[in-house]
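A short worksheet on the structure shown next.
Numbering (the working numbering), first residue to last: -5 to 227.
Here's what the structure looks like:
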């Protein structure tokens, strides 16, 4: 009988999705809180827009820089750990071979099955180090462009998210009418963002959407009330 080809589909862009989640969630909540807080102090939507755009610019730079530095730290950590592992493989191969065998025993292999595998790895030091980095230390080789792409993704997502709660202030002249509209569009954006995130991460879209609205709404609400409280001082 003809066999139907088996195609496995695995999600491989978790780092990019994580960056988008970080940037978009902060972009939706922080500018919203600022705009909402200013709405209680001024009646000019133009002032809110100017302050909001300044915050979006500063926030995107800060968030992008944070993503860049975090990714660079991961790359530097990987490089230092790999150098240490290379030295150990060269200077104490017996100890490293014992550690390698212990890893395979954890997977249920017998010493008879393990011996040829360890022997094969010892004949290929580079592959041996790769194996130990992944299975002993649990460290994956980072993408060399990860720092730049992470910074750009987080900053771009922050800008995209930050413009959403500010959008009503662009088209409405006063803050009294713009604030309720900003609340609505922000909640809708959180709902849509959560649904899309769920589809990419394998979570049920409805559940992910409701969780995102709940968490993002609580964060935005807390930031809003803190801003209003400080504005009354």
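Glycine included, each C-beta is placed from N, C-alpha and C at the ideal position.
Next item on the list: Closer than 8 Å by C-beta to residue 96: which residues in its own chain qualify, once you throw out the five before and the five after it? Chain order, please.
Entry: none
Margin query: Quick check: what's the CA-CA separation for residue 113 versus residue 202?
Written below: 47 Å
Next item on the list: Flag this pair as touching only if the region 155 to 167 and the region 16 to 35 have three or more C-beta atom pairs under 8 Å; answer yes or no.
Entry: yes
Next item on the list: Evaluate the contact criterion for the region 127 to 142 versus the region 70 to 82: three or more CB pairs, one atom per stretch, below 8 Å.
Entry: yes
Check: Less than 8 Å separating the beta-carbons of residue 163 and residue 20?
Finding: no
Next item on the list: Report the rounded CA-to-CA distance for residue 68 versus residue 168, giving the unit in angstroms.
Entry: 46 Å
Notebook entry, point to check: Does the beta-carbon of residue 8 have 16 or more other beta-carbons within 10 angstroms, so that it is buried, or is it exposed?
Noted result: exposed
Notebook entry, point to check: Distance, Cα to Cα, residue 181 vs residue 45?
Noted result: 21 Å
Next item on the list: Please check the pair residue 199 and residue 189, which I expect to be a contact at CB under 8 Å, by giving their CB distance rounded to whole angstroms.
Entry: 4 Å
Check: What are the partner residues of residue 38, as DSSP defines its beta bridges?
Finding: 168
Check: CB-CB under 6 Å to residue 185, same chain, minus the five flanking residues each way: which ones, in chain order?
Finding: 203, 207
Next item on the list: Please determine, among 72, 170, 60, 43, the residue with the shortest C-alpha to C-alpha distance to residue 143.
Entry: 60
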